[in-house]
Amino acid sequence: MRVLIPGIAGVLGQRVATRLLEHGHEVIGIDRRPWRNAPQGIELHDVDIRKRAAEDVFRKRRPQAVIHMATVTHLVERTEERFRINLGGTRAVFEHCRDWGVEHAVFVGRHTYYGAAADSPLYHVEEDPPMAVTTFPELADLVAADLYACTALWRIPNLVTTVLRMVYTLGPTGHGTLATFLRGKHVPMVLGFDPLFHFMHEEDVATAICVSLEKRVQGVYNVDGPAPVPLSVIAKGTGRTPVPLPEVAFRAMLGRFGLPKLPPGALAHIKYPVVVDGSAFRKATGFQHEMSEMRCIRDYREAFPIRA
Amino acid sequence: MSLFIDPEIAARVDRLELPWNSYGCDPYGASKDYLARGFTVAQLLYRHYFKIGIEGIEYVPARGRGMLVGNHSGGVALDGLMVIASCFFEKEPPRLAQGMAEKFMARTPFMGLWSTRCGQVTGLVETAEHLLADERLLMIFPEGARGTAKLYPERNSLVHFGSGFMRIAMKTQTPIIPFGFVGGGEAIPTIANSVTLGRLVGAPYVPITPWGLAIPAPARLELTYSEPMMFDGTGTEEDEVIEGYVEQVKQRIAGLIEIGRERRRKALSWSGSEDRSIFTFDGKNGEQP
């Protein structure tokens, strides 16, 4: 199968591309970022997904499947720019899929779509509405991109669309929101709160994306790994020191004293859990995660040790 | 091992049939460590502070989904604690009853954390259905916060029952094990509920007793379980049908409260009147199906 991956140079994009190549697929990538030491046989295009040149890749190469991983999830990028990349890019990908006869499109989204709140249920199912928009406006573009991708299910009937809502990644690459949050020696927590965090190993993330491509499942799916673990347990397991701070102090200290800088809305995600039910995806594809929660935590600790 | 953990109780926690991960946490956030600590404290209350009479614990299923449904008695969740303790201390192997907590608890620092770690989850339909699909044992007080607001003279009455639990039970084909709880009103005789104080701590209200705070007195408590009730259907029936079923459960619980009151009266009376108590107990029992 000829597979096009917008956002191939990201940590997860590289993993998925390498895996697909090993499985004998033809892999084409689109990314503005360079991928040094890319394996032989992967064709890279240094173009912006929103520009005309990207459409030319679709036109000339006619991929059968597209895995859209060109979304910005970190909060460093300014909100307006993120919004343009995430929503504009997603729109371009699906329009090109429609116009150039792509058979299957996979949108890789995030489980934070559901949002964290005191009254949101544990184990979100795919039908649950996105609550992140109210509690965490910085995530609005990701929620919008997810919902936009979902509209392809009825707007483009000839295209098999898969929308994946993946839990946090935790593993040796240190990639992802949770891993970044854990990078320092001290992990700030809100005093009196210790939510469950749902995460999976990046190897399992790559497996899940490849499986969804092979099984060509249509629809929206939560993708999870091992059962969720409390934040304090993750922090201790990775050799960090959890520092519980009263909420008022927490807000004041963010971005100072070596604590990570977070937008105010992120606080809800440190107080309340976002936990998803991934059983529908497992049933539809037969996906099974391989890496236990202990393995994820150990791999991260070994890749990012804290030196005394 | 912490100072506040009784090793025997820790061993009992190990025998709870829950899918613990390698860190001793379950998928809903309960933790072995917290449970052992919590039950060490609960044991003091359950075995030593209160005198508690338990009947019909055999009706609580050893395995598989179940819904313990009963009345609120007393201004704080003393009744819930005793039900959880009875399933933990009297069952072999022990079972963890998982309560459906008020939503304000999740927002309150420490309170939400502690209740989650001890297996108590926020009372949401989605979470309840997920727990039942995982073959857990739920504990539900359909009176909700209205039930804990009962004043001393109303302590053995029942207020309006919500019907959500019935729809969930029917949808998931879960047996309902009704229980009646008596004595909580004597342990915490509420003379008023302060909404103002409640606002300060983030709760709907705080019960006020003759000695001020809602610290329970060492009263005699009675907990009576009855045989499971099954209701066939899909849970999508009309409100009138569902309410009829809820009424059946409510009647059963009202009967169990009367049985508990008799037992309490008998236990607290002088030994000379014992024969008569047994007679009335049987008489009352005969009225109940």
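Protein chains in written order, with the numbering used here: chain Y, 182 to 489; chain Z, 178 to 466. Quick reminder that beta carbons are idealized off the backbone N, C-alpha and C, glycines included.
At a Cβ threshold of 8 angstroms, is Leu-363 (chain Y) touching chain Z?
As a first step, residue 363 (chain Y) is located in the first sequence; it is residue number 182 there, counting from the start. Chain Z contact via Cβ: absent.
Less than 7 angstroms between C-beta atoms, sequence neighbours within five positions excluded: which residues of the same chain meet that for Ile-419 (chain Z)?
Within the second sequence, numbered from 1, the residue matching residue 419 (chain Z) stands at position 242. The answer, listed in chain order, is Ser-340, Met-343 and Arg-344.
8 angstroms is my cut-off, CB to CB: does Val-335 (chain Z) come that close to chain Y?
For this step, residue 335 (chain Z) is matched to residue 158 along the second sequence. Reading the sequence as shown, one finds Leu at residue 335 (chain Z) and not Val. Proximity of Leu-335 (chain Z) to chain Y, defined by a Cβ-Cβ separation below 8 angstroms, is not satisfied.
Check the Cβ of Val-298 (chain Z) against every Cβ in chain A and list those closer than 7 angstroms, keeping chain order.
No chain A is part of this structure, whose protein chains are labelled Y and Z.
Measuring alpha carbon to alpha carbon, tell me which of Y:Ala-251, Y:Arg-242 and Y:Ser-301 ends up nearest Asp-280 (chain Y).
As a working note, residue 280 (chain Y) is residue 99 in the first sequence. Considering only alpha carbons, the answer is Y:Arg-242.
Report the residue ranges of all alpha helix (DSSP H) runs contained in full by the stretch 211-273 of chain Y; include only those spanning at least 4 residues, in chain order.
233-242 and 260-264
If I follow the unbroken beta strand (DSSP E) through Leu-195 (chain Z), where does it start and stop?
Here residue 195 (chain Z) refers to the residue found at position 18 when the second sequence is read from its first residue. Taken as a continuous stretch (DSSP letters only), Leu-195 (chain Z) belongs to no beta strand (DSSP E), as it is neither H nor E.
For Gly-300 (chain Z), three-class secondary structure by DSSP
Counting from one through the second sequence, the residue named residue 300 (chain Z) turns up at place 123. If DSSP states are grouped into helix, strand and coil, Gly-300 (chain Z) belongs with coil.
Does Ser-334 (chain Z) pass the burial test, meaning 16 or more other C-beta atoms within 10 Å, or should it be called exposed?
Mapped onto the second sequence, residue 334 (chain Z) falls at position 157. So Ser-334 (chain Z) counts as exposed.
Report buried or exposed for Leu-445 (chain Z), applying the criterion of at least 16 other Cβ atoms within 10 angstroms of its Cβ.
The residue you call residue 445 (chain Z) lines up with position 268 of the second sequence. Burial is judged here by how many other beta carbons sit within 10 angstroms of a residue's own beta carbon; Leu-445 (chain Z) has fewer than 16 and is exposed.
Starting from Leu-445 (chain Z), trace the alpha helix (DSSP H) both ways and give me its first and last residue.
Mapped onto the second sequence, residue 445 (chain Z) falls at position 268. Element bounds for Leu-445 (chain Z): 416-445.
Using a Cβ-Cβ distance under 8 angstroms, would Phe-287 (chain Z) count as near chain Y?
The residue labelled residue 287 (chain Z) in the question sits at position 110 within the second sequence. For Phe-287 (chain Z), the answer is yes, since a Cβ of chain Y falls inside 8 angstroms of its Cβ.
Since I believe Ala-333 (chain Y) is in contact with Leu-268 (chain Y) (beta carbons under 8 angstroms), could you give me their beta-carbon distance rounded to a whole number of angstroms?
Numbered from 1 along the first sequence, position 87 holds the residue referred to as residue 268 (chain Y). Numbered from 1 along the first sequence, position 152 holds the residue referred to as residue 333 (chain Y). The pair is not a contact, with the Cβ atoms about 14 angstroms apart (cut-off 8 angstroms).
Against chain Z, does Ala-333 (chain Y) count as a neighbour if the rule is that its beta carbon must be under 8 angstroms from one of theirs?
Numbered from 1 along the first sequence, position 152 holds the residue referred to as residue 333 (chain Y). It does not: the Cβ of Ala-333 (chain Y) has no partner Cβ on chain Z nearer than 8 angstroms.
Environment of Glu-312 (chain Z) [buried if 16+ CB atoms lie within 10 Å]
Walking along the second sequence from the start, residue 312 (chain Z) turns up at place 135. By the 10 Å Cβ count, Glu-312 (chain Z) comes out exposed.
Using the rule of at least 16 other Cβ atoms within 10 Å of the residue's Cβ for burial, across every protein chain shown, is Gly-360 (chain Z) buried or exposed?
The count along the second sequence starts at 1 and reaches residue 360 (chain Z) at position 183. Buried: at least 16 other Cβ atoms inside 10 Å.
Would the stretch 468-477 of chain Y and the stretch 396-412 of chain Y be scored as touching if the rule is three or more Cβ pairs under 8 angstroms?
yes
Candidates Y:Ile-487, Y:Ala-198 and Y:Arg-346, of which the one nearest Val-247 (chain Y) by Cα
As a first step, residue 247 (chain Y) must be located in the first sequence, where it is residue number 66. Per the Cα distances, Y:Ala-198.
N- and C-terminal bounds of the alpha helix (DSSP H) containing Tyr-481 (chain Y):
Residue mapping note: residue 481 (chain Y) aligns to position 300 of the first sequence, counting from 1. First-last of the alpha helix (DSSP H) with Tyr-481 (chain Y): 474-484.
Residue closest to Thr-386 (chain Z), alpha-carbon to alpha-carbon, out of Z:Gly-251, Z:Tyr-205 and Z:Leu-222:
Numbered from 1 along the second sequence, position 209 holds the residue referred to as residue 386 (chain Z). For Thr-386 (chain Z), the nearest C-alpha among the options comes from Z:Gly-251.
The stretch 366-396 of chain Y: positions lying closer than 7 angstroms to chain Z by Cβ
Leu-372, Gly-373, Phe-374, Asp-375 and Leu-377
For Ile-385 (chain Z), name the three-state secondary structure that DSSP assigns.
By one-based count along the second sequence, residue 385 (chain Z) stands at place 208. Residue state, collapsed to three classes: strand.
For Gln-350 (chain Z), which of helix, strand or coil comes out of DSSP?
Taking the first residue of the second sequence as 1, we reach residue 350 (chain Z) at position 173. Of the three classes helix, strand and coil, the one that applies to Gln-350 (chain Z) here is coil, per DSSP.
Straight-line CA distance for Ile-186 (chain Z) to Ala-262 (chain Z)?
Within the second sequence, the letter at position 9 stands for residue 186 (chain Z). Within the second sequence, the letter at position 85 stands for residue 262 (chain Z). Rounded to the nearest angstrom, the two C-alpha atoms are 11 angstroms apart.
Near Arg-265 (chain Y), which residues of its chain fall below 8 angstroms by C-beta distance, leaving aside the five closest residues on each side in sequence?
Indexing the first sequence from 1 puts residue 265 (chain Y) at position 84. Around Arg-265 (chain Y): Arg-231.
Identify every residue that forms a DSSP beta bridge with Cys-202 (chain Z).
Position 25 of the second sequence, counted from the first residue, corresponds to residue 202 (chain Z). Paired residues: Z:Ser-208.
Rounded C-alpha distance that separates Phe-438 (chain Y) from Val-344 (chain Y):
Looking up residue 438 (chain Y) in the first sequence gives position 257. Looking up residue 344 (chain Y) in the first sequence gives position 163. For Phe-438 (chain Y) and Val-344 (chain Y), the distance between alpha carbons rounds to 39 angstroms.
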